[in-house]
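**Student:** Let me begin by handing over the structure; questions about it come next.
Number of protein chains: 2
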Amino acid sequence: MDQVEIFKALSNKTRLQILNWLKDPALNFPEQPNADFENVGVCVGQIQIKAGLSQSTISEYLAILQRADLVSATRVGQWTYYKRNQEGIAQLSKIINSEL
Amino acid sequence: MDQVEIFKALSNKTRLQILNWLKDPALNFPEQPNADFENVGVCVGQIQIKAGLSQSTISEYLAILQRADLVSATRVGQWTYYKRNQEGIAQLSKIINSEL
DNA sequence: AATATATATCGGCTTTTCCCGATATACCAA
DNA sequence: TTGGTATATCGGGAAAAGCCGATATATATT
Chain B
0 MDQVEIFKAL SNKTRLQILN WLKDPALNFP EQPNADFENV GVCVGQIQIK
50 AGLSQSTISE YLAILQRADL VSATRVGQWT YYKRNQEGIA QLSKIINSEL
Chain P
0 MDQVEIFKAL SNKTRLQILN WLKDPALNFP EQPNADFENV GVCVGQIQIK
50 AGLSQSTISE YLAILQRADL VSATRVGQWT YYKRNQEGIA QLSKIINSEL
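What follows is the structure, encoded as structure tokens:
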């Protein structure tokens, strides 16, 4: 993954908020139905409501974060659950400390 | 400084390269006249030649990096020397590790 | 099969970024 | 003061990002 693409993914207030919200799903998404936060994450609809942007925009933003390896997705039935990709985030940390 | 602005500053290949080049000025800018790398950094002209973009573009890019606290500038005569702002970069590291 | 719900993708309008050449400003030297 | 060099700023055209509504796709239910 290109470093530039990772930083672009982080160059947006809403996307930074999403990453932050996903640090504590139980706190930030109390309305989640069938909550299985730890295993799969939070579904798109809940994130969309919280962010207050359109469904298509949030879907796109999550795809951008996923392409940057900052979140991962799991499809369960008609829902897609997103959670933080701690490996990808740790790798970013490494990039900052060594390559930047 | 807004986190988003820091990441925007890093969302460009040339700006990332400049930050990298400034890690070892003696290596990357052997042509620098009156080299006083450790104290003041590298002048705009040298960076411009190395980057291969226009003078105005590089001046603008350095201003963007400076606004993000990633480099600092020192004016000496008709030259402006830029070097890495290690404090700002360290603070970014902290942001990634704690707030992201 | 028909309908309903969740998400992804598409087309498009608006704003921002990229990068340039031209010009302005700052400093130096004669 | 005049001219030369280094950098900053301005104006703008092209490309990308932000964000939307409409539509397509996938899955579930009846």
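Going line by line, the protein sequences match chains B and P.
Sequential numbering of the first sequence, starting at 0, is according to numbering that gives the first Met the number 0.
Sequential numbering of the second sequence, starting at 0, is according to numbering that gives the first Met the number 0.
Glycine residues also receive a C-beta, built at the ideal position from the N, C-alpha and C atoms.
Start and end of the beta strand (DSSP E) containing K12/P?
**Tutor:** First-last for K12/P: 12 to 20, but that is the alpha helix (DSSP H), not the beta strand (DSSP E).
**Student:** Please state if the CB of A67/P and the CB of I5/P are separated by a distance shorter than 8 Å.
**Tutor:** A contact, by the Cβ cut-off of 8 Å.
**Student:** Quick one: what does DSSP say S71/P is sitting in, helix, strand or coil?
**Tutor:** Strand at S71/P.
**Student:** Which residue from E98/B, R14/B, K93/B puts its Cα closest to that of R83/B?
**Tutor:** With distances taken between Cα atoms, R83/B lies closest to R14/B.
**Student:** Exposed or buried, Q77/P, counting other C-beta atoms within 10 Å across all chains shown (16 or more means buried)?
**Tutor:** Q77/P should be labelled exposed.
**Student:** Starting from V43/B, follow its DSSP beta bridges and name the residues at the other end.
**Tutor:** DSSP lists no partner for V43/B.
**Student:** Do you know whose CA, among D1/P, N38/P, W20/P, V3/P, lies nearest L61/P's CA?
**Tutor:** When each option's Cα is compared against that of L61/P, the closest is W20/P.
**Student:** At a Cβ cut of 7 Å, what residues of the stretch 4 to 32 of chain B count as close to chain P, listed as they run along the chain?
**Tutor:** Answer in chain order: F6, K7, L9, S10, N11, K12, L15, L18.
**Student:** Using DSSP bridges, identify the partner residues of T79/B.
**Tutor:** R74/B.
**Student:** Taking only three categories from DSSP, how would you classify F6/B?
**Tutor:** Three-state result, F6/B: helix.
**Student:** Could you list which residues in chain B have their beta carbon closer than 7 Å to that of Q2/P, in chain order?
**Tutor:** Residues of chain B passing the Cβ test: L15.
**Student:** My output table needs one value for P24/P: the three-state DSSP class, helix, strand or coil.
**Tutor:** Reduced to three states, the DSSP call for P24/P is helix.
**Student:** Could you give the residue range of the alpha helix (DSSP H) that holds G87/B?
**Tutor:** Per DSSP, G87/B belongs to the alpha helix (DSSP H) from 85 to 97.
**Student:** Residues of chain B with a CB under 9 Å from the CB of S92/P: which are they?
**Tutor:** Near S92/P (Cβ distances below 9 Å), the residues of chain B are S92, I95, N96, L99.
**Student:** Where does the unbroken alpha helix (DSSP H) through S58/P begin, and where does it stop?
**Tutor:** Residues 54 to 66.
**Student:** What residues of chain B sit near L88/P, judged by a beta carbon separation below 9 Å?
**Tutor:** The amino acid at residue 88/P is misidentified as Leu; the sequence shows Ile. The contacting residues are I95, L99.
**Student:** Can the beta-carbon of V75/B be found less than 8 Å from the beta-carbon of V39/B?
**Tutor:** Yes; because the gap between Cβ atoms is below 8 Å, this pair is in contact.
**Student:** Do V43/B and T73/B have their C-beta atoms closer together than 8 Å?
**Tutor:** No.
**Student:** For I46/P and I57/P, which I take to be in contact (beta-carbon distance under 8 Å), what is that distance rounded to the nearest angstrom?
**Tutor:** Confirmed, about 6 Å.
**Student:** Return yes when the Cβ of S97/B is within less than 8 Å of the Cβ of S10/P, no when it is not.
**Tutor:** Their beta carbons are not under 8 Å apart, which means S10/P does not touch S97/B by this criterion.
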